[in-house]
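Worksheet: the structure to be examined is printed underneath.
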Amino acid sequence: MIESIALILASSLRLATPLMFAGLGEYMAEKAGMINISIEGMMLAGAFSAILGATVTGSPVLGLVFGILAGVLIAFVHATFSYRLTVNTYVIGLTLNLLVLGLTSFLLDALDLGSAQLSKFEIPLLSDLPIVGQAVFNQRWPAYLLWILIPAVWFVMYRTRWGLDMRAIGENPSAVDATGIDVLKRQRQGLLIAGAFAGLGGAYLSVAEVGLFNQNMTAARGYVVIAAVIFGGWTIKGTIAGCLLFGAADAMRLALPALGFTFNAQLLIASPYILALVAMVVFARRSRAPAAYGQPFVRGLA
Amino acid sequence: MSTQPTGAPAHSAGAPASVELRGITKRYGSIVACDDVSLSVSRGEIHGLLGQNGAGKSTLVKILIGLAQRDAGEILLDGRSVEIPDPLAASTLGIAMVHQHFSLVNELSVWENVTLGEVGRPDAQRTRELVRSIGARYGLDVDPDARVEDLSTGERQRVEIIKCLRRDPSLLILDEPTSVLTLAESRELFTVLRRVAQDEGKTVILISHKLDEILTATDHVTIMRSGRVVAQRVTAETDERELAREMVGRELSKWVAASALGDLDALVDPSLSSDPAMLAPVEPIHEDEFPFRLRITDAYASRDGRPLLQGLSLDLRAGEILGLAGVEGNGQQALGDLLSSLIELDSGTVEMDDVVLPTGKPGAMHRAGIGVIPEDRHQSGCVLDMSVAENLVMSTVGSVARRGFVSRKAIRANAERLIEQFEISTPSPDTPMRQLSGGNQQKVVLARELSLNPKVLVAAYPTRGLDVGAIEYMTERLHDAANSGIAVLLISTELEEILTLSHHIAVIHRGAIVGQMRRVDVDAERLGLMMGGQEA
Amino acid sequence: MTITSTPPTPANTRAVAQTSRWSQVLTTLLLYVVSISVALLIAGLLVSLTGASPWEAVQAIFQGSLSDAAALGLSLDKAAPLLIVAVGTCIATSAGLFSIGQEGQVVIGATVGAMVAIYLHGPGPLILVVTLMGAALGGAAWAAVAALLYYWRGVPVVISTLLLVYIAYQVVFYAVTQPWLLQESGQNVASPQSDIIRNDAWLPRIGEYPGLNFSSLVVIAVLLAVGARIVLNRTTWGFRLRMLGLNPKAARRAGVSAVLLGSLALMISGAFAGFLGGALLTGGSHRLQPGISENVGWDGLLVALVARNNPILAIPVAFFFGVLRAGGGFLASTGVPRYIVDVVTAILVLAIVFPPAYQYLRREIRARRLARALATGGAA
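Residue numbers (the numbering used here), protein chains in the order written: chain A, 334 to 635; chain B, 175 to 710; chain C, 115 to 494.
Next up, the structure:
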């Protein structure tokens with residue numbers, strides 16, 4: 334019993350890690366009022382490019398870098414179209430997702446991709462702890478980056494001017510514009526960072542977790558990440574909790590049948606989306622969305 | 175025409191003026207917004223910039239804060255010629271402006287708002303202390319850790335002013351700052367401005383179209399009309415009559431003039447103005463002559479737990495204009511929304527001719543015969559991307575349709591009739607509403623609402639933002655409407671507008687009517703007290 | 115000090131305006147040519163990556179989509195679903211609601227349709243009609259969830275419709291894996307799918323093999339597009355809907371119930387998608403499968419975008435997308451992965467929205483630069 338709990342825990346954490354990377358970026362973007370639909374494309378591009386980079390260079394670490402850059406590239410296209418040329422962000426996001434899905438599927442067929450996987454790193458002593466030891470302290474090494482990135486994101490959002498600008502933009506972009514800050518530029522920057530995080534998440538999925546790339550590998554995990562940020566009530570803590578919860582749901586889906594339980598797999602797969610909707614309904618009053626949530630900034634409109 | 179300042183700014187010959195404008199000209203297409211404007215303000219002075227809407231005040235200020243660029247002329251700060259290509263440059267040069275509409279982020283704290291837009295790491299502790307010290311220096315008391323959301327309008331303005339003063343500007347510009355304030359808050363503001371100018375040696379430019387405000391708060395005044403400077407005076411050496419004459423430039427119907435100019439005293443007591451033409455045109459109404467039309471009883475309404483209306487009761491008679499006076503944000507908007515079926519009452523009733531109307535049911539008030547000219551007419555009174563003709567049938571599209579299909583012919587016929595009847599100037603009925611001037615947009619809304627033969631007409635700030643000609647037009651139309659038996663509810667924060675038009679005056683405060691009086695019995699002091707919330 | 119601008123006379127302003135309008139049209143055209151060329155160039159490069167020749171790929175697409183009557187019929191068949199989704203999208207967008215959940219509404223429509231078609235007994239044509247109606251209602255109900263969440267709790271329509279897509283996918287999957295629901299009957303059940311629906315309830319086809327032959331859905335789609343245009347532009351309902359979309363506040367003041375009309379628009383949009391789901395079931399695969407929608411919900415959205423929410427303009431755009439989809443199937447025979455069609459579709463969409471957006475931005479920048487120039491010029 335204890336063994337299976339430890340196993341499920343390890344698998345939950347493993348499945349949640351890519352979500353948490355992407356979630357941190359999405360959190361920042363959403364704080365600035367953006368709903369970054371193209372996160373799915375960013376993650377998928379990241380996953381593909383990581384394996385591509387690892388195959389080409391022979392180094393999974395460089396693969397990780399490739400993945401991040403791919404996410405940034407998608408973010409750059411999205412930012413240029415939606416936050417410079419001001420074309421509807423959802424339409425561009427969806428178009429980019431279809432583009433990346435088509436492109437990675439095409440290239441997967443056209444190219445000969447190998448497999449590559451980053452090594453595990455077992456933290457001595459701590460990994461011997463019962464139940465949590467192996468789950469938390471014996472992971473592919475990039476997972477430990479989260480211990481740095483989570484506080485870093487908090488610091489950036491709550492202790493730097495850039496973070497203040499971003500939070501203010503999410504609430505009242507016109508007021509921020511009036512103080513002389515370039516709102517669209519900040520949003521572009523936010524999107525690029527979200528792209529880097531999503532690319533990292535996707536890369537982790539392929540080059541750390543699985544070791545190779547499959548067609549449509551992310552399979553709507555990007556939307557799960559959006560759901561996690563909403564579920565988390567636009568807080569870092571909540572976002573991470575959401576990612577862990579949805580990772581656990583995924584782990585259950587895989588683990589329960591093996592353990593002899595029968596549980597509705599479809600319900601587990603759909604649970605992030607259902608929980609996000611429920612969260613938006615239930616917490617609507619308590620944990621408020623940014624006031625300008627999902628509304629494009631147009632100069633001169635108060 | 176460039177007028178030499180007659181009551182020249184009193185700066186000593188040696189020191190250069192803090193701000194000097196020479197021959198500023200600005201055109202928008204064929205319209206000259208500023209024509210060879212020159213003025214000079216010395217350090218430590220509060221300078222009034224007086225003019226009607228459209229006189230060129232805002233353009234001039236936009237040029238000063240870098241939001242617009244002049245076509246010709248020169249700007250000198252402390253005798254040095256400067257360029258102000260954008261707001262950032264203005265800020266670097268020490269020019270700061272308190273906007274009419276606040277640019278604060280409600281969800282952030284006061285100190286976060288104050289530091290927003292600066293460079294370098296935000297330092298909470300230092301900014302908090304700064305807010306406190308500026309507060310102490312100028313009498314702008316506000317808690318740096320409070321969330322802006324929780325502050326009153328007056329407090330928010332203080333934050334806005336602190337935001338400006340925090341950059342230690344040499345020139346502070348205020349654009350119609352009292353429109354959102356109570357009389358008491360306005361007085362406090364003027365005290366603050368006095369300190370800013372005299373104790374701290376800063377220069378203040380106060381933009382206003384209210385005469386009494388200019389007379390109490392400023393040292394010098396520049397009067398603009400149609401883009402030109404028409405007069406400059408030492409405030410102490412002038413009076414409202416002279417200012418009024420210069421500002422309007424022609425003899426008007428006295429009441430309209432008084433309204434346009436904010437000449438409150440003249441409106442309240444004609445004898446004070448020593449002008450024989452200033453006689454009350456608003457005939458007293460005999461109470462029992464007209465039947466009650468609209469009756470609101472004990473109305474309570476709220477949004478997100480915040481109260482909007484708190485036991486408001488109001489009776490409206492056919493054929494009378496009832497002016498609803500009050501400081502902005504005391505439930506006027508909620509009342510307008512109620513009568514537009516936009517909000518529902520928690521309790522209380524609205525009756526029309528003794529029939530109870532359902533509240534918050536789209537179109538119900540409208541069908542009962544209530545027409546509304548909303549306050550933000552181009553935002554919620556019309557659809558800018560539809561044509562004039564379509565806007566004229568917005569609420570009655572059923573009347574120009576057969577079996578659900580709209581008849582273009584009928585729409586056009588209706589439009590042509592109303593355009594002629596209401597003297598709307600538009601190239602064609604098919605012109606997009608967006609291309610019309612503000613005055614004409616207002617006429618379209620008025621024409622549409624009156625074309626429905628309403629029993630009640632609600633007019634919110636019907637003359638705000640209009641020039642004198644358009645004000646005269648609106649005044650006439652509203653009087654005509656009342657004379658034809660329509661009950662008119664006039665909602666305004668401008669006492670002048672209310673005093674000009676109304677037969678009866680009611681005062682709204684915190685979502686309830688705190689007092690009511692006949693126009694002929696108006697006592698300015700009592701009115702002011704009631705608007706401040708005191709029972710009088 | 116000099117005054118830099120001389121007041122223009124009416125005559126030369128008109129001349130200036132005319133030349134600038136001409137040059138503007140030219141620049142727009144040029145921009146379209148350039149951006150579409152770049153898009154095609156990228157596609158060509160990708161094709162060469164597989165070792166195939168881009169020209170052969172184009173020929174293959176042409177052969178599969180337009181070369182003869184059969185191919186043309188296939189293109190029409192592929193275009194009709196996109197058009198129906200796009201027209202529904204136009205209606206929701208007219209009301210100012212941005213729904214992106216059509217994909218989910220399509221599969222829910224197909225699921226409800228399958229239940230009706232499999233469990234209901236009666237004459238075939240009647241079953242067909244009831245199936246399609248049930249599918250439309252299913253799609254409308256799925257959209258109604260988003261409408262409810264929006265008007266009741268303010269949940270953004272974009273988010274709720276998106277999340278509902280992925281819930282819908284699982285609903286379908288669940289339905290076709292449960293024996294008591296829609297799972298295929300019989301002993302050896304391999305793939306998750308339902309039984310084949312009775313063939314007298316299939317959506318009829320028009321024309322005969324091997325000549326021009328296409329689904330009656332094509333006719334329905336065009337009728338729906340024309341109908342939607344008329345309703346939007348000519349009826350009081352459409353008038354109110356547009357008013358709501360352009361200025362919700364003014365519309366509410368004019369007596370339009372945003373909740374009722376907005377919900378209705380969203381549900382109609384959902385009904386279009388749901389109806390399509392039913393049509394894909396009765397006119398395509400004839401059985402419910404999780405992949406029944408073939409992404410038409412997503413691609414239909416792009417059609418509406420490129421057609422700028424004009425149902426009539428959506429007809430040629432949908433046809434063009436249909437040609438690409440039809441050609442894509444044939445492309446596989448040349449050794450080029452068929453996914454290239456998805457790539458081309460997406461980059462063409464970007465290429466088409468780029469020019470107008472770019473020109474808008476350039477005008478803004480030029481205006482700002484002019485202001486700066488005047489500022490410095492004023493001092494000269």
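For glycine and all other residues, C-beta sits at the position ideal for the given N, C-alpha and C.
Closest residue to residue i among the options (Cα-Cα distance)
i	options	result
V509 of chain A	B:R399, B:A563 and B:G291	B:G291
L620 of chain B	B:Q226, B:G493 and B:V562	B:V562
N657 of chain B	B:E387, B:E281, B:V630 and B:M705	B:V630
Q484 of chain B	B:L558, B:I682 and B:I660	B:I682
F176 of chain C	C:L427, C:L154 and C:R439	C:R439
E712 of chain B	B:R582, B:G503 and B:N565	In the structure as shown, chain B begins at 175 and stops at 710. Residue 712 of chain B is therefore absent and cannot be evaluated.
P351 of chain A	A:V558, A:P484, A:W487 and A:I338	A:V558
C204 of chain C	C:R476, C:V345 and C:T350	C:V345
D413 of chain B	B:I388, B:G510, B:R399 and B:W285	B:I388
8 Å Cβ cutoff, residue i in contact with chain B
i	result
M357 of chain C	yes
L525 of chain A	no
A212 of chain C	In the sequence under discussion, the amino acid at residue 212 of chain C is Phe, which differs from the Ala named in the question. It does not; no Cβ of chain B falls within 8 Å.
R473 of chain A	no
Closer than 8 Å to chain C by CB, residue i
i	result
V797 of chain B	The question about residue 797 of chain B has no answer here: the residues shown for chain B are numbered 175 through 710.
M271 of chain B	no
A609 of chain A	yes
V193 of chain B	no
Y626 of chain A	yes
P261 of chain B	no
A584 of chain B	no
V571 of chain B	yes
S382 of chain A	no
Q690 of chain B	no
8 Å Cβ cutoff, residue i in contact with chain A
i	result
E549 of chain B	no
R295 of chain B	yes
E286 of chain B	yes
A460 of chain C	yes
T448 of chain C	no
V370 of chain B	no
Y146 of chain C	no
P444 of chain B	Residue confidence is low: P444 of chain B scores 48 on pLDDT, short of 50, so the model does not pin down where it sits. No coordinate-derived value is stated.
Inter-residue Cα distance where the pair is residue i and residue j
i	j	result
D456 of chain C	V370 of chain C	41 Å
N505 of chain A	R321 of chain B	14 Å
S448 of chain B	H383 of chain B	Its pLDDT being 40, under 50, S448 of chain B is placed unreliably by the model, and the measurement read from it follows with that caveat. Going from the Cα of S448 of chain B to the Cα of H383 of chain B covers about 21 Å.
A468 of chain A	L340 of chain A	7 Å
T437 of chain A	V424 of chain A	20 Å
F540 of chain A	W474 of chain A	It should be noted that the sequence gives Val, not Phe, for residue 540 of chain A. Whole-angstrom Cα-Cα distance: 11 Å.
G197 of chain B	D209 of chain B	7 Å
Contacting positions in the region 258–278 of chain C - beta carbon closer than 7 Å to chain A: L263, R267, G268, V269, P270, V272, I273, S274, L276 and L277
Three or more C-beta pairs under 8 Å: does that hold for the region 240–253 of chain B against the region 459–474 of chain A? no
The region 370–404 of chain C: which residues have C-beta closer than 7 Å to a C-beta of chain B, in chain order? So the close ones are V370 and S371.
Please list, in chain order, the residues of the region 587–603 of chain B that have any C-beta partner in chain C closer than 8 Å. none
Under 9 Å, CB to CB, which of the residues in the region 673–685 of chain B have a partner in chain C? Residues passing the 9 Å Cβ filter: none.
Looking at C-beta atoms only, is the number of pairs between the region 559–578 of chain A and the region 380–389 of chain A that lie closer than 8 Å three or more? For the pair of segments examined, the region 559–578 of chain A was found not to touch the region 380–389 of chain A: the number of CB pairs separated by less than 8 Å stays below three.
Does the region 517–529 of chain B come into contact with the region 678–695 of chain B, if we say contact requires no fewer than three beta-carbon pairs (one atom in each stretch) closer than 8 Å? no
Which residues of the region 345–377 of chain A have a Cβ closer than 8 Å to any Cβ of chain C? Give them in chain order. I368 and I370
Three Cβ pairs or more, each shorter than 8 Å: is that satisfied between the region 530–542 of chain A and the region 389–403 of chain A? yes
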